[in-house]
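To keep things clear, I will list the structure first and then write my remarks on it.
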Amino acid sequence: MKHLQGSCHCGAVAFEFESPAPVPFMRCYCSICRKTSGGGGYTVNILGMADSLRITRGSDELKSYRAIKDKAVAPSEQTLCQNRYFCTTCASYLWAHSDEWPQWIYPYASAIDTALPVPGQTASIMLDSAAEWAKPDKVQKRNETFAGYPPYSLEQWHAEHADLG
């Protein structure tokens, strides 16, 4: 069991919890994760014990959102997925909690301040919902990396790659 601490970007909310499995290995590409918190087209959650969650700062700054699992079904048949908790000041997503598995919370790895282990491998799920531009088999092969900002702007990159409309 590992004790972990997390917070939002602006610092208004801080929390801590215990995790039996703190490895950030699974990337979820579902449309809900992609649109609510996945700037890269996905989100990464880890596993936490719900009964160990303690909000150490800013409980009055928290709100939650419950998305409809499948908007294609009739409204009378729609079900909601887990609560996604976020800071009302900076909109950072912090953790999710599902009524289906009440013993667990699913903190967003991006909100964890404690160093997390590097996974030996990763898994990508819900790829049928992934945006084409984010599918790992299409983008990982052509990935430039930089320790800081690249030596070009977004506009320059598009102009050099003939992708500027």
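Residues in the sequence shown are numbered consecutively from 2, following my numbering.
All C-beta atoms in this analysis are idealised placements derived from N, C-alpha and C, irrespective of residue type, glycine included.
In angstroms with no decimal places, state the Cα-to-Cα distance between residue i and residue j.
i, j, result
"Lys3", "Ser53", "11 Å"
"Glu101", "Ile69", "15 Å"
"Lys72", "Ser32", "11 Å"
"Glu156", "Pro21", "44 Å"
"Ala132", "Gly42", "7 Å"
"Trp158", "Phe147", "14 Å"
"Ala110", "Pro25", "6 Å"
"Lys36", "Ser130", "11 Å"
"Gln122", "Leu128", "17 Å"
"Gly167", "Arg67", "With the chain covering 2 to 166 only, the question about residue 167 has no answer from this structure."
"Cys11", "Ser77", "39 Å"
"Lys64", "Ser38", "14 Å"
"Pro118", "Ile56", "23 Å"
"Trp96", "Ile106", "7 Å"
"Ile114", "Ser8", "Position check: residue 114 holds Asp in this sequence, whereas Ile was assumed. C-alpha separation (whole angstroms): 7 Å."
"Pro108", "Gln79", "25 Å"
"Ser60", "Tyr30", "29 Å"
"Phe18", "Glu145", "35 Å"
"Ala160", "Ala124", "34 Å"
"Asn46", "Ile126", "12 Å"
"Cys88", "Pro120", "27 Å"
"Gly40", "Cys34", "9 Å"
Buried or exposed: residue i, going by 16 or more other Cβ atoms within 10 Å of its Cβ?
i, result
"Thr44", "buried"
"His98", "buried"
"Arg58", "exposed"
"Tyr153", "exposed"
"Arg28", "buried"
"Tyr94", "buried"
"Ala75", "exposed"
"Pro23", "buried"
"Val14", "buried"
"Tyr150", "exposed"
"Ala112", "buried"
"Cys91", "exposed"
What distance in whole Å lies between the Cβ atoms of residue j and residue i, which are believed to be in contact at a cut-off of 8 Å?
i, j, result
"Ala1", "Gln6", "Since the displayed the chain opens at 2 and closes at 166, residue 1 lies outside it and no answer follows."
At 3 residues or longer, and completely inside the region 69-118: list those beta strand (DSSP E) runs for me, N to C. 81-88, 94-98, 105-108
Taking 8 Å as the cut-off, does the region 131-140 touch the region 83-96 (at least 3 CB pairs, one atom from each stretch)? No, the region 83-96 does not touch the region 131-140.
Continuous alpha helix (DSSP H) assignments of at least 4 residues falling wholly in the region 5-80: 32-37
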